[in-house]
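Student: Residue numbers (the numbering used here): 47 to 151. Ideal placement from N, C-alpha and C gives every residue a C-beta, glycine not left out.
1. Drop a sphere of 10 angstroms on the beta-carbon of residue 79, count the other beta-carbons inside from all chains shown, and report buried for 16 or more, exposed for fewer.
2. Specify the secondary structure class of residue 88 as computed by DSSP and reduced to three states.
3. Just how far apart, CA to CA, sit residue 108 and residue 65?
4. Go ahead and pull the three-state DSSP assignment for residue 75.
5. Quick check: the Cα distance between residue 56 and residue 141, rounded to an integer number of angstroms?
6. Cα separation between residue 126 and residue 60?
7. How many whole angstroms separate the CB atoms of residue 97 and residue 58, which I take to be in contact at a CB cut-off of 8 Å?
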């Protein structure tokens with residue numbers, strides 16, 4: 047089951063990086079095509095790292111807290127999904143603070 051949540055976390059990380067970086071605005075012909083490939087690879091690799099961080103925190107939360115609290119509840123998947131989005135928002139906020147405010151990243 048954690049593979050499913052990890053995949054959702056990775057997709058959330060890639061989507062966050064896509065929102066953060068924005069669309070590719072250079073033409074995709076000639077040298078622009080190479081830049082387009084680097085742009086997509088960058089989105090994938092950085093989004094993958096952010097998604098793994100989100101998945102790590104979610105799995106820790108699920109193992110130590112949610113599994114005990116959500117036993118035999120019908121809306122447990124929706125609550126887990128809500129917690130996943132909440133953790134993604136916290137990771138995005140931490141990334142923003144580290145990148146823009148403190149200027150570490």
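Tutor: Taking the geometry as given:
1. Residue mapping note: residue 79 aligns to position 33 of the chain shown, counting from 1. Residue 79 comes out exposed.
2. Here residue 88 refers to the residue found at position 42 of the chain shown. Residue 88 falls in the helix class under three-state DSSP.
3. Numbered from 1 along the chain shown, position 62 holds the residue referred to as residue 108. Numbered from 1 along the chain shown, position 19 holds the residue referred to as residue 65. C-alpha separation (whole angstroms): 27 Å.
4. Start at 1 with the first residue of the chain shown, and residue 75 comes out as number 29. Coil at residue 75, not helix or strand.
5. Taking the chain shown and counting its residues from 1, one reaches residue 56 at position 10. Taking the chain shown and counting its residues from 1, one reaches residue 141 at position 95. If I take the Cα positions, the gap works out to 16 Å.
6. Position 80 of the chain shown holds residue 126. Position 14 of the chain shown holds residue 60. Their Cα atoms are separated by approximately 20 Å.
7. Along the chain shown, one-based indexing puts residue 97 at 51. Along the chain shown, one-based indexing puts residue 58 at 12. Going by Cβ atoms, the distance from residue 97 to residue 58 rounds to 6 Å, so yes, they are a contact pair.
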